[in-house]
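Whatever position you read off the sequence shown (first residue = 1), add 537 for my numbering.
All C-beta atoms in this analysis are idealised placements derived from N, C-alpha and C, irrespective of residue type, glycine included.
Treat the numbers as computed from the prediction; the structure is a model and nothing was measured.
First up is the structure itself, then whatever we jot down about it.
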Amino acid sequence: MGRLQEYEVIGRHLPTESNPTPDMYRMTIFAPNQTVAKSRFWYFLRGLRKVKKATGEIVSIKTLHEKHPQKVKNFGIWLRYDSRSGTHNMYKEYREMSRVDAVEALYADMAARHRARFRSIHILRVVELEKTEDIKRPFPAFEGGWARLRMVPKQTKQKFPLALGHGGQIVRCDKLVASSGRSLGKRHDTGNGKASFTARLGPVDT
Numbered sequence: 538m539g540r541l542q543e544y545e546v547i548g549r550h551l552p553t554e555s556n557p558t559p560d561m562y563r564m565t566i567f568a569p570n571q572t573v574a575k576s577r578f579w580y581f582l583r584g585l586r587k588v589k590k591a592t593g594e595i596v597s598i599k600t601l602h603e604k605h606p607q608k609v610k611n612f613g614i615w616l617r618y619d620s621r622s623g624t625h626n627m628y629k630e631y632r633e634m635s636r637v638d639a640v641e642a643l644y645a646d647m648a649a650r651h652r653a654r655f656r657s658i659h660i661l662r663v664v665e666l667e668k669t670e671d672i673k674r675p676f677p678a679f680e681g682g683w684a685r686l687r688m689v690p691k692q693t694k695q696k697f698p699l700a701l702g703h704g705g706q707i708v709r710c711d712k713l714v715a716s717s718g719r720s721l722g723k724r725h726d727t728g729n730g731k732a733s734f735t736a737r738l739g740p741v742d743t
């Protein structure tokens, strides 16, 4: 399945003598191309209004584009999917740049967590969450300002384990012994020609 697009499909039942002006039905379909979008439209319309492709027609189909594609937004998606045990309703939230990106993340997430196929997922509604208090999970920590995350230093292969030195900096235990004059660990003989090192992690008292 290629990259998805958002389509607006409008269709209706063919005019008849008893009903010369049938009602029109409009749907928003996420599909990789127009052919799949039309197929999904008739699939849903056949189940909802008993109108099938042989007795209906597509009045209009067009591609919808994001108004602000460079703005990060929070999206809430209501969906229904069929699993091996039954039909389930679900609500999920995603933080993406557009509605299409959010739906693509939804399909990938559902395939990974629930093994749900594209054909078994029915998207009911996609809305943009504009208010911070409307966000359920897991993004409130990133709203209303910068989130300060601690930088963890990259650990390489060391001969001795790491411990906390002055100011909370992570240094090697052998360097702490040389700088503070106190022993923070003890080497034990394992009997096989190798030595293990037991360290006490924590700040060094002066």
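Which residue wins for smallest C-alpha separation from residue i, given the options the options?
i      : options                           : result
Gly548 : Ile566, His605, Ile658 and Gly613 : Ile566
Val637 : Asp619, His550 and Asn570         : Asn570
Leu541 : Gly584, Val664, Thr572 and Thr624 : Thr572
Val546 : Ala574, Asn556 and Ala591         : Ala574
Ile595 : His651, Tyr544, Ile660 and Val640 : Tyr544
Asn556 : Arg654, Thr592 and Glu667         : Thr592
Ser635 : Trp579, Leu666, Thr624 and Arg652 : Leu666
Pro559 : His605, Met647, Ser620 and Arg586 : Arg586
Ser622 : Ala653, Trp579 and Gln607         : Ala653
Leu601 : Glu633, Met647, Met564 and Lys668 : Met564
Kindly identify the DSSP beta-bridge partner or partners of residue i.
i      : result
Asn611 : Arg632 and Leu666
Lys599 : Glu545
His605 : Partner(s): none; His605 has no beta bridge.
Met564 : Val546
Thr651 : In the sequence as presented, Thr is not what sits at residue 651; that position holds His. Looking at the DSSP assignment, His651 forms no beta bridge with any residue, so it has no partner.
Which term fits residue i, buried or exposed, when burial requires 16 or more other beta carbons within 10 angstroms of its beta carbon?
i      : result
Pro552 : exposed
Leu713 : Residue placement at Leu713 is flagged as unreliable, the pLDDT there being 47, under the threshold of 50; the coordinate-derived value follows with that caveat. With 16 or more Cβ atoms within 10 Å of its Cβ, Leu713 is classed as buried.
Arg577 : buried
Met561 : exposed
Leu643 : buried
Ala645 : exposed
Lys604 : exposed
Val664 : exposed
Check whether the Cβ atoms of residue i and residue j lie closer than 7 Å to each other.
i      : j      : result
Trp615 : Tyr628 : yes
Val609 : His550 : no
Ala639 : Phe612 : yes
Tyr764 : Ile660 : Look at the range of the chain in this structure, 538 to 743, and you will see that residue 764 is not part of it.
If you reduce the DSSP assignment to three classes, tell me which class residue i lands in.
i      : result
Leu616 : strand
Thr592 : helix
Thr745 : The structure shown does not extend to residue 745, since the chain is modelled only from 538 through 743, so no value can be given for it.
Leu582 : helix
Leu643 : helix
So is residue i in contact with chain D if we call contact Cβ pairs under 7 Å?
i      : result
Ile595 : Included in the structure is just one protein chain, with no chain D present.
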